[in-house]
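Comments concern the structure below.
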Amino acid sequence: MMTDAIISPEKNAKAVITLWQESINSALNDTAWRFWDGEIQRTVDAYNKHLADTPGYQPLSGTLIKAVLWAETGARHGEWYTRPMRGGASDDDGLCAFLRGTEGGELIIPPAWKLLLSGSVRTRPEYTLRADVGYLLKQMALFSHQSIVAAGGKIFDITVKPGDSIEKIARHQGATVEVMLRLNPGADLSRLHAGQVLKCRRASIKRCITGWRAMEAETIAQRYGSDDPLYATKLRYAFEVIEKGKAAA
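So this is what it looks like as structure tokens:
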């Protein structure tokens, strides 16, 4: 009596990754796998220029983004020519919020692209790529809300009135409590008295980029990648193959 062989999940995963690696190994000699190279470089250059002055930013690597494409789809995938990055596609709600600028997108996307991406992201494959790269960057950014002084705003004096509190003054003057505290280091702002003169400057609370997570395979897989348990392994392998191909060219 014959019985079906039971294939362990570990052996199945190994077989899957082996077949995938074979396709990646042959990709360097196939021009179809280089279809996105020019757009990748243009996209990376634009984001690097826009984000260069944010704290801790390290220039995004075109090789890394190419490896992301190879890991997520590749030239044999049905959506290679329309949406080669699939990580963001698993969170379309998040991508839409990103493009609306409600989750940090307003800080990540270069100003010249904002209307283009929001209006054509589903119809222009190159805009889809730009949006997906931006979403990846958003997932790797560290954000916080901070007091930002108004551009060109001058420091001015205000006189405390009866019943005033530091919160009330900041609200009425278009300032923030944090800025008021910085401008009046010697004053006890928890106990104001009428006639007291304080320094003030207009400011507001805004979302800011305060740093960046390392662009490592495991972090990208966790923050951006799909549910593919082999995502980090694929990304590392694709990156290494592309780098070796560049060195041999």
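Residue numbers (my numbering): 141 to 389. Think of the CB as a built atom: it goes at the ideal place given N, C-alpha and C, for glycine as much as any other residue.
According to the neighbour-count rule (16 or more other Cβ atoms, all chains shown, within 10 Å of its Cβ), is phenylalanine 296 buried or exposed?
Counted from its first residue, the sequence shown places residue 296 at position 156. Counting Cβ neighbours within 10 Å, phenylalanine 296 comes out exposed, since fewer than 16 surround it.
Extract the residue ranges of the alpha helix (DSSP H) inside the segment 190–261, only unbroken runs of 4 or more that lie entirely within it.
202–212, 232–240, 245–248 and 254–260
In the DSSP assignment, what are the bridge partners of valine 337?
The sequence position of residue 337 within the sequence shown is 197, counting from 1. Bridge partners of valine 337: Thr299.
Taking the Cβ atom as the reference point for each residue, do alanine 343 and alanine 357 lie within a distance shorter than 8 angstroms?
Counting from one through the sequence shown, the residue named residue 343 turns up at place 203. Counting from one through the sequence shown, the residue named residue 357 turns up at place 217. Not in contact: alanine 343 and alanine 357 (Cβ atoms no closer than 8 angstroms).
Isoleucine 147 to lysine 374, Cα distance in whole Å?
Within the sequence shown, numbered from 1, the residue matching residue 147 stands at position 7. Within the sequence shown, numbered from 1, the residue matching residue 374 stands at position 234. Confidence at isoleucine 147 is low in this model, with a pLDDT of 43, below 50, so its placement is unreliable and the value that follows should be read with caution. Cα to Cα, the separation comes out at about 22 angstroms.
Suppose contacts are defined by Cβ-Cβ distances below 8 angstroms. Is threonine 350 in contact with leucine 282 by that definition?
Counting from one through the sequence shown, the residue named residue 350 turns up at place 210. Counting from one through the sequence shown, the residue named residue 282 turns up at place 142. It is a contact, given that the beta carbons lie within the stated cut-off.
Of the choices Ile306, Thr268 and Asp193, whose alpha-carbon is the least far from that of glutamate 179?
Here residue 179 refers to the residue found at position 39 of the sequence shown. Glutamate 179 has its Cα closest to that of Thr268, out of Ile306, Thr268 and Asp193.
Can you tell me whether alanine 310 is helix, strand or coil according to DSSP?
Taking the sequence shown and counting its residues from 1, the one referred to as residue 310 is at position 170. Three-state DSSP puts alanine 310 in a helix.
Excluding the 5 residues preceding and the 5 following alanine 310 in the sequence, name in chain order all residues of the same chain whose CB lies nearer than 6 angstroms to its CB.
Against the sequence shown, residue 310 aligns to sequence position 170. The answer, listed in chain order, is Thr316, Val317 and Met320.
Residues near threonine 222 in its chain [Cβ-Cβ closer than 6 angstroms; skip 5 each side]:
Translated into positions along the sequence shown, residue 222 becomes position 82. Answer for threonine 222: Pro265, listed in chain order.
Assigned secondary structure, tryptophan 352 (DSSP; H/G/I helix, E/B strand, else coil):
In the sequence shown, counting from the first residue as 1, residue 352 sits at position 212. Reduced to three states, the DSSP call for tryptophan 352 is strand.
Skipping 5 residues on each side, what residues in its chain have a beta carbon closer than 7 angstroms to that of methionine 141?
Reading the sequence shown from its first residue, position 1 is the one you call residue 141. Low confidence applies here, because methionine 141 scores a pLDDT of 41, under 50, leaving its location unreliable; read the following figure in that light. Counting only Cβ-Cβ distances below 7 angstroms, and skipping sequence neighbours, we find nothing.
Per-residue burial, leucine 338 [other beta carbons within 10 Å of its own, 16 or more giving buried]:
Stepping through the sequence shown from its first residue, residue 338 is reached at position 198. It is buried - the Cβ of leucine 338 has at least 16 other Cβ atoms within 10 Å.
Tell me isoleucine 345's beta-bridge partners as DSSP assigns them.
In the sequence shown, the residue the question calls residue 345 occupies position 205. Paired residue(s): Ser287.
Endpoints, alpha helix (DSSP H) assigned at lysine 278
To locate residue 278, count along the sequence shown from 1; it is residue 138. Residues 265–280.
Candidates Asn152, Glu243 and Ile248, of which the one nearest threonine 183 by Cα
Walking along the sequence shown from the start, residue 183 turns up at place 43. Nearest C-alpha to threonine 183: Ile248.
Taking contact to mean at least 3 C-beta pairs separated by less than 8 angstroms, is the segment 232–242 in contact with the segment 268–279?
yes
Using three-state DSSP, classify tryptophan 176 as helix, strand or coil.
Position 36 of the sequence shown holds residue 176. Looking at tryptophan 176 - three-state DSSP - the assignment turns out to be coil, as it is neither helix nor strand.
Of the choices Thr213, Tyr275 and Gly326, whose alpha-carbon is the least far from that of arginine 240?
Locating residue 240 in the sequence shown gives position 100, where the first residue counts as 1. For arginine 240, the nearest C-alpha among the options comes from Tyr275.
Under 8 angstroms between the Cβ atoms of isoleucine 345 and lysine 206?
Taking the sequence shown and counting its residues from 1, the one referred to as residue 345 is at position 205. Taking the sequence shown and counting its residues from 1, the one referred to as residue 206 is at position 66. No; because the gap between Cβ atoms is not below 8 angstroms, this pair is not in contact.
Hey, quick one: how far does the alpha helix (DSSP H) through leucine 323 stretch, first residue to last?
Taking the sequence shown and counting its residues from 1, the one referred to as residue 323 is at position 183. Looking at the DSSP string, the run of the alpha helix (DSSP H) that includes leucine 323 is 317–323.
List the endpoints of the continuous alpha helix (DSSP H) containing alanine 327.
Within the sequence shown, numbered from 1, the residue matching residue 327 stands at position 187. Neither: alanine 327 is in no alpha helix (DSSP H) and is coded neither H nor E.
Please report the distance separating the alpha-carbon of methionine 280 from that of arginine 322.
As a working mapping, residue 280 is identified with position 140 in the sequence shown. As a working mapping, residue 322 is identified with position 182 in the sequence shown. Answer to the nearest angstrom: the Cα atoms are 31 angstroms apart.
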